[in-house]
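Quick notes on the structure that follows.
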Amino acid sequence: MSLPSQSPTPYTEKLHSFTILLSVYGPKKKEKGKTTPKATMKKKELTFAVNDTNYLDFLQHVLDKHGQGQYRVSSSKHFPFKFVLPKVQSNAINVNNKVDYKDMVKRICSIHPGPTKIYVNTKHVEKLPTIDGSGDKSNSSGEDSGKKKHSDLDMHLAWWRMKLLSQYKNENNEGMTYVRPVGPIPLSPAMDEGQAMLSVPQNLESFNWSNKVPFLHPAHKVQAQASQNIDINSITSVLLLQMLANSGFLSPSVPRAHTSPVLPPATPTCVPPDPPISPPIPSPSHLSCFLHYAEMNLGVHNATLYEQELELQLIGPDILMDINDQTLTRAGITTGDTIHLKKGSLLWWNGPDVKRKHSDTGASSGNEPLKKIMYEKRFKDSGGSHFTASPTTINKDDDGSKLALLDYDLYYHCKSQDQWLPVPWGFVVDETGEESEDDIFST
1 MSLPSQSPTP
11 YTEKLHSFTI
21 LLSVYGPKKK
31 EKGKTTPKAT
41 MKKKELTFAV
51 NDTNYLDFLQ
61 HVLDKHGQGQ
71 YRVSSSKHFP
81 FKFVLPKVQS
91 NAINVNNKVD
101 YKDMVKRICS
111 IHPGPTKIYV
121 NTKHVEKLPT
131 IDGSGDKSNS
141 SGEDSGKKKH
151 SDLDMHLAWW
161 RMKLLSQYKN
171 ENNEGMTYVR
181 PVGPIPLSPA
191 MDEGQAMLSV
201 PQNLESFNWS
211 NKVPFLHPAH
221 KVQAQASQNI
231 DINSITSVLL
241 LQMLANSGFL
251 SPSVPRAHTS
261 PVLPPATPTC
271 VPPDPPISPP
281 IPSPSHLSCF
291 LHYAEMNLGV
301 HNATLYEQEL
311 ELQLIGPDIL
321 MDINDQTLTR
331 AGITTGDTIH
341 LKKGSLLWWN
351 GPDVKRKHSD
361 TGASSGNEPL
371 KKIMYEKRFK
381 DSGGSHFTAS
391 PTTINKDDDG
401 SKLALLDYDL
411 YYHCKSQDQW
421 LPVPWGFVVD
431 ETGEESEDDI
441 FST
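Per UniProt numbering, the sequence shown starts with residue 1, numbered consecutively.
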């Protein structure tokens, strides 16, 4: 009796080595007037147990090995490749379908060669569908889209939970409690159902939405009005003494308590505020008065040196608080002086000093001649000249549609910075000022 012959171990369990060569096309290069793409080969090693049934698994492992896992293969969408057996002098054999793959498996398992070379073209791989939905994946069923929508809702719920935890988390557990003026309300049940947010309270009977929403929103947070406390004990004592006195239980030696009728709490009435005092009309003398005030009371040394630059840009104490800090810095005012001037201008403009007479502040009277400023013309060809004139004024005739073409650039001398600065755009200077031949220079 012969023993049944044992079948040999199937070759599908044996691992085989593969060298995956992927052709990648880079930027195009020109050769003799023709533009051709430049191809490079990327090499990876793969160990895989091939058999007649794992055709698609083999293709997917080849893609994953080269970092192309975003592409997916299927029975209807796959890519061709070529293979060359080692130590065999023959051309590469094409594998286009499952039948060709079975033939390759048969050759590899019968010869048991070393590493087999696999050639893959990137252009064929790029035609496959991807995970993000391109290709055939875009025609997926409604079930996939439903999962995606569900995932988006989960992300929003998680984001809302993090916001609520950061503001209303309990110290001892993972729950949340919103503390209102009357008492705490647990937020966890409404949070789990996605019904509570930072600016929208939960929809519960014990939570009055119209009254609690101002407390939730930080911008509209108001303090709860404290109810008037009525001293019940004192009222009871007064009523008891009055009743005993009327009934005769109190002796004549005991003085009767002076009782007064208990008045019901009166509704408070709003006292109308005093009518606002109209601000004074800005005038050029206000700037000089305020700068003298700043030197004496605000600790801004040499504040009057900034008068020329502020007057040049029509900046007065009434609008100084609204001026950008960079504008004041370009005028030569330090950061500390900017803060003192801005804070002081608001108090000075709304105070009594602004309505004093000009002579009371020590400033110059209105009969003095206008202040003169030194200007410099720099001709674009060469040379220039100096002249003195009154401060600049806004050019009301210039609507900005046309740019005036001049053959020179105009500068003014800044005393606080001791340098020449360009006249700002939109301002004009009366150039009929004093000019002499000595003021003409050449460059």
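The beta carbon of each residue, even a glycine, is placed where N, CA and C say it ideally should be.
What's the C-alpha gap between MET155 and TRP425? Straight across, the Cα-Cα distance linking MET155 with TRP425 is about 53 Å.
Pair within 8 Å by beta-carbon distance, residue 444 and CYS414: Given that the chain is displayed from residue 1 to residue 443, the structure contains no residue 444 and the question cannot be resolved.
Where ASP318 falls, given that 16 or more other Cβ within 10 Å makes a residue buried: Flag for ASP318 reads buried.
Between VAL300 and the rest of its own chain, which residues show a CB-CB distance below 7 Å, the 5 nearest in sequence each way excluded? Excluding sequence neighbours, VAL300 sits near ALA294, ASP337, HIS340, LEU341.
Smallest Cα separation from GLY26: which of MET41, SER17, THR177? Among MET41, SER17, THR177, the Cα nearest to that of GLY26 is on MET41.
Mind reading off the beta-carbon distance from THR47 to LEU15? Whole number of angstroms is fine, and I expect it under 8 Å. Confirmed, about 5 Å.
Three-way DSSP call (helix, strand, coil) for ASN297 in this model: Collapsing the DSSP output to three states places ASN297 in a helix.
Quick check: the segment 105-122 against the segment 68-85, are at least 3 beta-carbon pairs closer than 8 Å? Inter-segment contact for the segment 68-85 and the segment 105-122 is present: three or more beta-carbon pairs are separated by less than 8 Å.
For LYS102, report the span of its alpha helix (DSSP H) as first-last. Residues 98-111.
Have a look at THR388, HIS386, SER390, ASP381 and flag the residue whose alpha-carbon is nearest the alpha-carbon of LEU406. Of THR388, HIS386, SER390, ASP381, the smallest CA-CA separation from LEU406 is found for ASP381.
Residue of SER74, GLU431, LYS43 minimising C-alpha distance to SER390: It is GLU431.
To which residues does DSSP link MET374 through a beta bridge? In DSSP, MET374 forms a bridge with THR388.
Could you give the uninterrupted runs of the alpha helix (DSSP H) lying entirely in the segment 321-348, keeping only those of 4 residues or more? Within the segment 321-348, the complete alpha helix (DSSP H) runs of at least 4 residues are 325-330.
Does the distance from the CB of TYR55 to the CB of LYS98 come in under 8 Å? Yes, they are a contact pair.
Given a cut-off of 8 Å, decide if TYR71 and VAL24 are closer than it, judged by their beta-carbon atoms. No, the pair does not count as a contact, with Cβ atoms beyond the cut-off.
Measure the beta-carbon distance from ASP100 to ASN94 and round it to whole angstroms, keeping in mind my assumption that it falls under 8 Å. Yes, they are in contact, since the Cβ atoms of ASP100 and ASN94 sit about 7 Å apart, within 8 Å.
Option in GLY316, GLN308, LEU305 with minimal Cα separation from ILE281: Relative to the Cα of ILE281, the nearest Cα in the group GLY316, GLN308, LEU305 belongs to GLY316.
If you count every other CB in all the chains shown that lies within 10 Å of the CB of GLU171, and 16 or more means buried, which is it? Taking every protein chain shown into account, the CB of GLU171 has fewer than 16 other CB atoms within 10 angstroms, so this residue is exposed.
Got a sec? Which residues, its chain only, sit under 6 Å from VAL120 by beta carbon, not counting five neighbours each side? Closer than 6 Å at Cβ, skipping near neighbours: LEU22, PHE81.
Closest residue to SER385 among ALA158, MET374, THR392, ILE394 (Cα-Cα distance): Among ALA158, MET374, THR392, ILE394, the Cα nearest to that of SER385 belongs to MET374.
Could you spell out where the alpha helix (DSSP H) holding LEU56 opens and where it closes? Unbroken alpha helix (DSSP H) run through LEU56: 55-65.
Taking ILE20 as the reference, give the member of PRO37, LYS65, PRO284 with the closest Cα. That would be LYS65, whose Cα lies nearest to the Cα of ILE20.
The alpha helix (DSSP H) enclosing ALA308, as first and last residue numbers: First, the amino acid is wrong: residue 308 is Gln here, not Ala. 307-312 is the extent of the alpha helix (DSSP H) around GLN308.
Spatial neighbours of SER17 in its chain, beta-carbon cut-off 8 Å, leaving aside the 5 residues before and after: For SER17, where only same-chain residues beyond five positions count, the Cβ hits under 8 Å are GLU45, LEU46, THR47, GLY114, PRO115, THR116.
Among LEU346, GLN419, THR335, which one has its Cα closest to the Cα of GLU376? Closest option to GLU376, judged by alpha-carbon separation, among LEU346, GLN419, THR335: GLN419.
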